[in-house]
Amino acid sequence: MLFGVSGIYFVTHRRRSNRMLKLLIKWLSTSEPSNKFRAELDLMFWGTQHSRFIRKRFQRRIFYVYNCDVSHLADIHPTVLFPHPCGIVIGSQAKVEKGCRIYQQVTIGSNFDSDNSMAHVSENTYIGSGAKIIGGISIGKNCYVGANAVITKNVADNSSIVGDNKSITAR
Numbered sequence: 013m014l015f016g017v018s019g020i021y022f023v024t025h026r027r028r029s030n031r032m033l034k035l036l037i038k039w040l041s042t043s044e045p046s047n048k049f050r051a052e053l054d055l056m057f058w059g060t061q062h063s064r065f066i067r068k069r070f071q072r073r074i075f076y077v078y079n080c081d082v083s084h085l086a087d088i089h090p091t092v093l094f095p096h097p098c099g100i101v102i103g104s105q106a107k108v109e110k111g112c113r114i115y116q117q118v119t120i121g122s123n124f125d126s127d128n129s130m131a132h133v134s135e136n137t138y139i140g141s142g143a144k145i146i147g148g149i150s151i152g153k154n155c156y157v158g159a160n161a162v163i164t165k166n167v168a169d170n171s172s173i174v175g176d177n178k179s180i181t182a183r
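First residue of the sequence shown? That's 13 in the working numbering, and the numbers climb one at a time after it.
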C-alpha cells in the first residue's frame, strides 16, 4: 500500500516503514533548524540503504535549504550536533564519531594531491565556524578546533587547534 507525506511516497514494510515513520514524524514535528537538519540527515542516511528516491530528495533539500553538501556515504554518528547548519561540507569518506559539534561553514574534505582519503574526527570534538579539515588525517578525542582553523596534519587527543596547523596541547 502506498502512503504519502509531504510529497514523499513509500511502500509499507514492517521494519522499514516503522523506522521511516518515526523519522518522518520527528522531521515534521520539529521547527528548530538544528533538529530539523539532523532529522533530514537521518532520513537521507535511511534512504541510502532503502530508497534512492528518498535519499536524493533529502540530499537535495539539505543542499537547497541549508546550503550544505553532505555526502550520503559519509559516516556521521547520530549524536553529532549541528547547532548552526549552514554551509557545511562533509565528503564521502569522512568519519565523524559520537558527541561532536560541527558549526557553520565547516569543510571536511580531501586533499587533491593525495589518495582522496578524508578525515576521521574522534569523539567529543568541537569544530568551530569556518574550520577546514583537509586530507586523510585524524583528529583526537576531546579536541577543540578553533574558528577558521586549517588542519592538514594529525591532531593528538585533548588538544586545542587554532590558526594554520598550530596546536596548543595543554588544556
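C-beta atoms are modelled at their ideal positions from N, C-alpha and C, and glycine is treated no differently.
{"query": "Beta-carbon proximity check, serine 129 vs glycine 152, cutoff 8 Å", "result": "no"}
{"query": "Contact belief for alanine 159 with glycine 142 at Cβ below 8 Å, rounded distance in angstroms", "result": "6 Å"}
{"query": "Spatially closest choice to histidine 132 from Met56, Asp81, Asn166 and Gln116, by CA coordinates", "result": "Asn166"}
{"query": "Distance, proline 95 Cα to tyrosine 239 Cα", "result": "Look at the range of the chain in this structure, 13 to 183, and you will see that residue 239 is not part of it."}
{"query": "Nearest to asparagine 123 (by Cα), restricted to the options Ile139, Val108 and Gly103", "result": "Gly103"}
{"query": "Euclidean distance between Cα positions of asparagine 171 and serine 43", "result": "Just to set this straight, residue 171 is serine in the shown sequence, not asparagine. Whole-angstrom Cα-Cα distance: 35 Å."}
{"query": "Extent of the continuous alpha helix (DSSP H) run through lysine 48", "result": "45 to 62"}
{"query": "Distance, proline 97 Cα to glycine 111 Cα", "result": "16 Å"}
{"query": "Pairwise C-alpha distance: alanine 161 and lysine 34", "result": "37 Å"}
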